[in-house]
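Working notes, beginning with the structure itself.
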Amino acid sequence: MCDLRECFVDLHIHIGRTAGGQPVKISAARDLTFFNIAKEAAERKGIDCIGIIDCQSPPVLQEMEELLEAGVMEEAPGGGLRYGRTTILLGSELEVRDPGLGPCHLLVYMPDFKTMREFSRFLAAYMKNVSLSSQRVYLPARGLQGEVIDRGGFVIPAHVFTPHKGMYGIACDTMDELLDPQHVAAVELGLSADSSMAGLISELAPFTFVTNSDAHSLSKIGREYNRMLLKEPSFEEVRRALLRQEGRAVTANYGLSPQLGKYHRSYCLKCRHLLDTEEQHVDECPVCGSKSLTRGVHDRIFEIRDLDEPLFPPHRPPYIEQVPLEFIPGLGAKTLQKLLDRFGTEMQILHHATFEQLAEAVPEKLAQAIILARDGRLELASGGGGRYGRVKL
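The sequence shown: position 97 = 96 (numbering that gives the first Met the number 0), numbered continuously.
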């Protein structure tokens, strides 16, 4: 077997605007351009492989072509584009809605620039605006899935439990109602769920889980990510890791505590009460009695689960709860820059810096909070209804 090494991978990062200011993801930051994402991941975050979503957008493809022609980036052996230490996988988040089912977001990835450009031309005939992110594709879900597979790509259902267009969250109760499970490469847990929660659904046992940032700003890149065993960061190596082929594998999911996610618990749309109770499933608000609820991920999973205890198949990597640096109270932009000046990248701060080393750069209380965040031992208040949870210090 060839030599394999561990790489950090975040497969879900949106583009906010083109370099010329044209909107791509309306709700994302203006400085979240294709190049800025690559630069942030390589030089500040220390992530080996990133999936940039919205690459089907023609003006984004034009930017890619210009970066390749200028030699700023190059095509990576095995697929993807290379910038510095980081490989970029070219992806899209697309919405499907089959008759009788709710809307669902799918992440799809293409092996190289040429294939993504051809896929963009294909999508243009089935979308109202191929230049924008997360738009509906007027094709059956399995039809779109087949088009991706035929082009050598792979498919991952996005943030599968969220009420905002997650497969289980709103579209359907079982995967095969919407997709061909044989052609699903992995399942994205989303910010409000972890492996133990997803383990309560038996049909997910065969799948590799991934934890990704779903970043809408540069600072959010890497708030969730994966550790993968790869020969090198590339499209083909990541695909093999997701499918657990030839020794490649996902060896750890680094994710938020589900409590920090925006949709962890149910939320009353009438009185704005967050239903953060011990009850596993509720149909109405305990405060005002309204049935107008945004169903939280925790509550939705307990609604559709078929197991009493979570299943952990042998291939399932550990889910390591980790609070991102930006969630820690008192760790602002200037303090983070101090840490980056000392340690180089956020991955170094999160994984390698000792308490003693951190305390030389920031106050001891903050250094201790970073260590507690690394170990998932900070006290948290739950999020829901589109509001993040928070750290209580």
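Ideal Cβ positions, reconstructed from N, Cα and C, are used throughout, including at glycine.
What span of residues does the beta strand (DSSP E) with residue i cover, start to end?
{"i": "Thr250", "result": "248-254"}
{"i": "Val237", "result": "Where Val237 is concerned, there is no enclosing beta strand (DSSP E), although the alpha helix (DSSP H) it sits in stretches over 234-242."}
{"i": "Glu363", "result": "Note, Glu363: premise wrong, no beta strand (DSSP E); alpha helix (DSSP H) at 363-373."}
{"i": "Phe7", "result": "4-12"}
{"i": "Phe354", "result": "Unbroken run through Phe354 is the alpha helix (DSSP H), 354-360; no beta strand (DSSP E)."}
{"i": "Gly90", "result": "85-95"}
{"i": "Val23", "result": "From DSSP, Val23 is part of no beta strand (DSSP E); its letter is neither H nor E."}
{"i": "Met166", "result": "Segment: none, Met166 is in no beta strand (DSSP E) and carries neither H nor E."}
{"i": "Leu273", "result": "Element bounds for Leu273: n/a, residue is neither H nor E."}
{"i": "Tyr137", "result": "Note, Tyr137: premise wrong, no beta strand (DSSP E); not H, not E."}
Please report the straight-line C-alpha distance between residue i and residue j, rounded to a whole angstrom.
{"i": "Leu371", "j": "Glu320", "result": "11 Å"}
{"i": "Ile51", "j": "Val183", "result": "19 Å"}
{"i": "Gln55", "j": "Met126", "result": "11 Å"}
{"i": "Arg84", "j": "Val296", "result": "35 Å"}
{"i": "Gly263", "j": "Arg150", "result": "The sequence shown places His at residue 263, rather than the Gly named in the question. Approximately 36 Å, taken between the alpha carbons."}
{"i": "Asp30", "j": "Ile36", "result": "9 Å"}
{"i": "Leu88", "j": "Gly288", "result": "47 Å"}
{"i": "Thr32", "j": "Arg116", "result": "18 Å"}
{"i": "Ala192", "j": "His163", "result": "14 Å"}
{"i": "Asp111", "j": "Ala40", "result": "19 Å"}
{"i": "Val59", "j": "Ala360", "result": "39 Å"}
{"i": "Glu42", "j": "Glu65", "result": "21 Å"}
{"i": "Leu349", "j": "Phe206", "result": "27 Å"}
{"i": "Leu335", "j": "Leu310", "result": "38 Å"}
{"i": "Val23", "j": "Arg120", "result": "17 Å"}
{"i": "Ile169", "j": "Phe160", "result": "8 Å"}
{"i": "Ile14", "j": "Phe326", "result": "22 Å"}
{"i": "Arg386", "j": "Lys290", "result": "20 Å"}
Please list the terminal residues of the continuous alpha helix (DSSP H) segment that includes residue i.
{"i": "Cys58", "result": "Reading off the sequence, residue 58 comes out as Pro, not Cys. Taken as a continuous stretch (DSSP letters only), the alpha helix (DSSP H) holding Pro58 covers 57-68."}
{"i": "Thr114", "result": "112-122"}
{"i": "Ala380", "result": "No alpha helix (DSSP H) holds Ala380; the beta strand (DSSP E) holding it covers 378-380."}
{"i": "Leu349", "result": "345-350"}
{"i": "Val154", "result": "Where Val154 is concerned, there is no enclosing alpha helix (DSSP H), although the beta strand (DSSP E) it sits in stretches over 153-156."}
{"i": "Arg141", "result": "140-149"}
{"i": "His299", "result": "Reading off the sequence, residue 299 comes out as Arg, not His. Counting along the chain, the alpha helix (DSSP H) containing Arg299 begins and ends at 296-303."}
Use the C-beta contact count for residue i: other C-beta atoms within 10 angstroms, 16 or more gives buried, fewer gives exposed.
{"i": "Pro323", "result": "buried"}
{"i": "Val286", "result": "exposed"}
{"i": "Asp213", "result": "buried"}
{"i": "Phe153", "result": "buried"}
{"i": "Lys333", "result": "exposed"}
{"i": "Pro362", "result": "exposed"}
{"i": "His351", "result": "exposed"}
{"i": "Ile25", "result": "exposed"}
{"i": "Glu5", "result": "exposed"}
{"i": "Ala69", "result": "exposed"}
{"i": "Asn128", "result": "exposed"}
{"i": "Gly142", "result": "exposed"}
{"i": "Pro316", "result": "buried"}
{"i": "Gln181", "result": "exposed"}
{"i": "Arg239", "result": "buried"}
{"i": "Glu187", "result": "buried"}
Helix, strand or coil, according to DSSP, for residue i in the structure here?
{"i": "Lys391", "result": "strand"}
{"i": "Leu335", "result": "helix"}
{"i": "Phe33", "result": "helix"}
{"i": "Glu73", "result": "strand"}
{"i": "Ser216", "result": "coil"}
{"i": "Ile200", "result": "coil"}
{"i": "Ile49", "result": "strand"}
{"i": "Leu177", "result": "coil"}
{"i": "Glu187", "result": "strand"}
{"i": "His104", "result": "strand"}
{"i": "Leu292", "result": "strand"}
{"i": "Leu306", "result": "coil"}
{"i": "Arg315", "result": "coil"}
{"i": "Leu229", "result": "strand"}
{"i": "Leu268", "result": "coil"}
{"i": "Phe326", "result": "helix"}
Comparing the CB of residue i with every heavy atom of the ligand GTP, is any distance shorter than 6 Å?
{"i": "Pro312", "result": "Here there are no bound small molecules, and the ligand GTP is not part of this structure."}
Looking at the C-beta of residue i, does it have a partner C-beta in chain D at a distance below 7 Å?
{"i": "Glu345", "result": "The chain labelled as chain D is not found in the depicted structure, where only one protein chain is given."}
Is the stretch 256-263 touching the stretch 223-235 in the sense that three or more CB pairs, one from each, lie closer than 8 Å?
no
Report yes or no: do the stretch 187-201 and the stretch 292-306 share at least 3 C-beta pairs separated by less than 8 Å?
yes
Under 8 Å, with one C-beta from each stretch per pair, do the stretch 372-392 and the stretch 171-188 reach the 3-pair mark?
no
Could you check whether the stretch 110-129 touches the stretch 265-277, counting it as contact only if at least three pairs of C-beta atoms, one from each stretch, sit closer than 8 Å?
no
Is the stretch 131-148 in contact with the stretch 77-96, if contact means three or more CB pairs nearer than 8 Å?
yes
Three or more C-beta pairs closer than 8 Å, one from the stretch 104-111 and one from the stretch 213-230: is that the case here?
no
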